[in-house]
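*Asks:*
Protein chains in written order, with my numbering: chain S, 5 to 209; chain D, 5 to 209; chain A, 5 to 209; chain U, 5 to 209.
Given below as structure tokens:
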């Protein structure tokens, strides 16, 4: 595939993902950002501040693995979180960062992690073969210094390389996968689990 | 109708059902599975791991009544739950297994059954002619050994042949009907009842 | 307008209303029924048991003002509730009976009425010009004898002719209007108010 | 741009915004109203009582900056709230007034303001560069005398010119922006924050 074709394919997948996430209410008010790994140590990345439900190819730029835009447009402020994940995880090819009510609310009232236990849907994540397990998803404090936040996340992932997602407190979550289908499966699964946990708290469990 | 025509008709009904269920959020992250009885002691069944909101005919295989795939593709791990239901219930021609927040949450906090009482919508299920009744829907413990789980369910249904649905703890529910319209009616009715029960718990009832 | 044209116009309005109500989840599992007044002391009425989100003209019959079908099809079991309303309220030309979670849950935990107070949206109902008022919407016990239920409702409305809607316990609500736009406005407004009241109960108010 | 072109562009943006807001359930039952600033000290404004999800250009009138209709149609009763905002805020070019469950419920149980603290999504509003802040959104008592209500709001805004939105008790909210994209971003952000606050109250926080 030519470089152009690879970019167009990645961009079109992010555009379609954005429409889906926006329709569900998971990237409101231009929040969230998306990326995909491209050939040649480059990534496709949403431009800062664009509406995620109405993306066009013009809203997606190309950056190098240091997070520098390779064209004139400004990448998302959270670019360091994307590039450090690609460096850390060679099999991650797409990263989505939705910004949902459920992750925001639960991260606000939880400690350093949320533990998901006994759900069949845990099997949507790589390496989980039974519901008889606990998945710990970490919550990092929000930080406008995203370079520093990226180092915090990366240090944690050095110790816990198999987590499929993390939350930022009052700031949505990040998840990734080997392709767009995998990462969308992780988004849907995590939203399902977060919603279950929030519902359980509403009935006093 | 030729064998091909019967398969295509069944597959297209399951595909449309998948789109509807996914849009409502009832089969997230490739969860759930669907089947339909075909002529000649065969069934149409969703292939393992496919996205239920974007099924094509290629995502639906043909299996025999022992649950063996009649082509090269891998059937859902939960095939035993489908074939044992078809063997038990001669009038069941379509089976849907959604995976909803409401069934997951309520199954987590309930005992061996959920009792639905006094709802007019109970009349959506076969044989119920008045709201002045109680419908008991059993909850079975989740089990990765689906052969064993199928035997547990089948043993229960031997005693209670008229239940229209069952839940698996933290793992959605199964329901069935004589045709696609009937089973969709059961899905919608059960989701309505589960939602009512969950709402009641949120207000302390 | 010819009789045919009047029927087609009414039927098409009910069909479109059904699609909208179903999409919102307000007529699940073939619940609900709809009608419209026709010239010549007749009404158009949904046939019993049809899916309200996928109605066609074939799913709508013509009945006389006694509720007798004027063709071979079976009218809804709740026909007496429709015809008695048309007899009682000369300006009511369309009646919708949705079956929502919110009305079901609140009717289950409330006494003989729900009082809506201080909401701006109360002005969506006829004759209400300020939020500084209270709207009492009665709740009638559910009854499979719909002739008897219709008499109960009619007796109440003889005393309270200005109510814009009523609930049946665990069985949705009825509302009406001079045309399809008016009755849809009443449906939306009542659902909004019911949802507000349910949310208030969830936070202990 | 000619006067006609400016009107058509503004009207089409309000029509599209109405469809979006209605689909989300944020302008039920003909509630809400929208406006946009036009060249020549005029505004485009929704006609009183129209369905906001099905607006056409005929549902949008032109008024002067005193709120007088420049054609025969009746402007929204809340016109004074629009024109006083345009007079107060020279950079506000579009105003949307949705009527949501969350704003209605929270305004009913809150005092004179709602404080939103620590949310990343606060950055969707102008001038907010970090989540480490608190946004106070005022709640004004509902008043059928909208001239008086407009004076109350305007007096507050004289003291607090930088607020991006306000609530009216049990009557939705107003927000504005330099263009349609900005105001929709504010609507989505405020709805997100209100939903989070309501969810937090449901779990006792």
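By construction, the Cβ of each residue, glycine as well, lies at the ideal position given by its N, Cα and C atoms.
Compute the Euclidean distance between the alpha carbons of residue 74 of chain U and residue 45 of chain U, then round it to the nearest angstrom.
*Replies:* Distance between the alpha carbons of residue 74 of chain U and residue 45 of chain U is about 12 Å.
*Asks:* Could you tell me whether any Cβ in chain D is nearer than 8 Å to the Cβ of residue 51 of chain A?
*Replies:* Answer no: the Cβ-Cβ gap between residue 51 of chain A and chain D never drops below 8 Å.
*Asks:* Anyone know if the C-beta pair for residue 99 of chain S and residue 170 of chain S falls short of 8 Å?
*Replies:* Cβ distance not < 8 Å, so residue 99 of chain S and residue 170 of chain S don't count as in contact.
*Asks:* At a cut-off of 7 Å, would you count residue 10 of chain U as near the ligand ZN, judging by its Cβ distance to the nearest heavy atom?
*Replies:* Among the components modelled here there is no ligand, and therefore nothing to report on the ligand ZN.
*Asks:* I need the straight-line Cα distance from residue 101 of chain D to residue 114 of chain A, nearest angstrom please.
*Replies:* Roughly 34 Å between the two C-alpha positions.
*Asks:* Run through chain A and tell me which residues come within less than 8 Å of residue 148 of chain U, C-beta to C-beta.
*Replies:* Those are 133, 134, 135 and 136, listed as they occur along chain A.
*Asks:* Please check if any C-beta of chain D sits within less than 8 Å of the C-beta of residue 125 of chain S.
*Replies:* Answer yes: the Cβ-Cβ gap between residue 125 of chain S and chain D drops below 8 Å somewhere.
*Asks:* Taking Cβ positions only, does residue 76 of chain S come closer than 8 Å to chain U?
*Replies:* False, the Cβ-Cβ gap to chain U never drops below 8 Å.
*Asks:* What's the C-alpha gap between residue 50 of chain U and residue 65 of chain U?
*Replies:* So the two alpha carbons sit approximately 6 Å from each other.
*Asks:* Using a threshold of 8 Å, state whether the C-beta atoms of residue 11 of chain A and residue 56 of chain A are closer than that.
*Replies:* No, they are not a contact pair.
*Asks:* Straight-line CA distance for residue 209 of chain S to residue 140 of chain D?
*Replies:* Their backbone Cα atoms lie some 23 Å apart in a straight line.
*Asks:* Could you pull out every unbroken alpha helix (DSSP H) segment of at least 4 residues lying fully inside the region 72-121 of chain S, listed in chain order?
*Replies:* Fully enclosed alpha helix (DSSP H) runs of 4 or longer: 83-92 and 105-113.
*Asks:* Rounded to whole angstroms, what's the CA-CA distance from residue 213 of chain S to residue 70 of chain S? Just pull it up for me.
*Replies:* As shown, chain S starts at 5 and ends at 209. That puts residue 213 of chain S outside it, with no answer to give.
*Asks:* Taking residue 88 of chain U as the reference, give the member of U:33, U:138 and U:67 with the closest Cα.
*Replies:* Comparing Cα positions, the closest option is U:67.
*Asks:* When the Cα atoms are used, what is the spatial distance from residue 188 of chain U to residue 21 of chain U?
*Replies:* Taking the straight line from one Cα to the other gives about 8 Å.
*Asks:* Could you spell out where the alpha helix (DSSP H) holding residue 137 of chain U opens and where it closes?
*Replies:* No alpha helix (DSSP H) holds residue 137 of chain U; DSSP gives it neither H nor E.
*Asks:* Give, in chain order, every residue of the region 189-209 of chain D whose Cβ lies closer than 9 Å to some Cβ of chain S.
*Replies:* Of all residues in the region 189-209 of chain D, 202, 205, 206 and 208 have a Cβ within less than 9 Å of some Cβ in chain S.
*Asks:* Please report the residue range of the alpha helix (DSSP H) in which residue 188 of chain D lies.
*Replies:* 184-206 is the extent of the alpha helix (DSSP H) around residue 188 of chain D.
*Asks:* From residue 77 of chain A to residue 52 of chain A, what distance separates their C-alpha atoms?
*Replies:* Taking the straight line joining both Cα atoms gives about 8 Å.
*Asks:* Specify whether the region 195-204 of chain A and the region 156-168 of chain A touch according to this definition: at least 3 beta carbon pairs, one from each stretch, less than 8 Å apart.
*Replies:* Verdict: no, contact absent.
*Asks:* Quick one: what's got a C-beta closer than 6 Å to residue 152 of chain A's C-beta in the same chain, skipping five residues either side?
*Replies:* Here the set comprises nothing.
*Asks:* Is there a Cβ of chain A sitting closer than 8 Å to that of residue 84 of chain U, yes or no?
*Replies:* No, its Cβ sits nowhere closer than 8 Å to a Cβ of chain A.
*Asks:* Would residue 116 of chain S pass as an interface residue toward chain U - the criterion being a Cβ-Cβ separation below 8 Å?
*Replies:* No, residue 116 of chain S does not count as interfacial toward chain U.
*Asks:* Using Cβ-Cβ distances below 7 Å, what residues of the region 93-122 of chain A are close to chain U?
*Replies:* The residues in question are 122.
*Asks:* Roughly how many whole angstroms lie between the Cα atoms of residue 107 of chain A and residue 119 of chain A?
*Replies:* For residue 107 of chain A and residue 119 of chain A, the distance between alpha carbons rounds to 13 Å.
*Asks:* Evaluate residue 97 of chain S with the Cβ neighbour count: other Cβ atoms within 10 Å of its Cβ, from every protein chain shown; 16 or more gives buried, anything less gives exposed.
*Replies:* Residue 97 of chain S should be labelled buried.
*Asks:* Within 10 angstroms of its Cβ, does residue 54 of chain U collect 16 or more other Cβ (buried), or is it exposed?
*Replies:* It is buried - the Cβ of residue 54 of chain U has at least 16 other Cβ atoms within 10 Å.
*Asks:* By how many angstroms is the C-alpha of residue 123 of chain D removed from the C-alpha of residue 185 of chain A?
*Replies:* Going by the C-alpha atoms only, they are around 30 Å apart.
*Asks:* Would residue 131 of chain S be called buried (16 or more neighbouring beta carbons within 10 Å of its own) or exposed?
*Replies:* Residue 131 of chain S should be labelled exposed.
*Asks:* Starting from the Cα of residue 121 of chain A, find the closest Cα among A:135, A:128, A:111 and A:110 and give me that residue.
*Replies:* For the residues A:135, A:128, A:111 and A:110, the minimum Cα distance to residue 121 of chain A belongs to A:135.
*Asks:* Determine whether the Cβ of residue 33 of chain S lies closer than 8 Å to any Cβ atom of chain B.
*Replies:* Looking at the structure shown, chain B is missing, and the protein chains on hand are S, D, A and U.
*Asks:* Which residues, in order along the region 8-20 of chain A, keep a beta-carbon less than 9 Å from a beta-carbon of chain D?
*Replies:* So nothing in the stretch comes that close.
*Asks:* Hey, residue 81 of chain D and residue 193 of chain S: beta-carbon distance below 8 Å or not?
*Replies:* It is not a contact, given that the beta carbons lie outside the stated cut-off.
*Asks:* Drop a sphere of 10 angstroms on the beta-carbon of residue 91 of chain S, count the other beta-carbons inside from all chains shown, and report buried for 16 or more, exposed for fewer.
*Replies:* So residue 91 of chain S ends up on the exposed side.
*Asks:* In chain D, which residues lie less than 9 Å from residue 128 of chain S when you measure between Cβ atoms?
*Replies:* 32, 33, 34 and 35, listed in chain order.
*Asks:* Hey, does residue 164 of chain S have any beta-carbon neighbour from chain U nearer than 8 Å?
*Replies:* Not one chain U Cβ lies under 8 Å of residue 164 of chain S.
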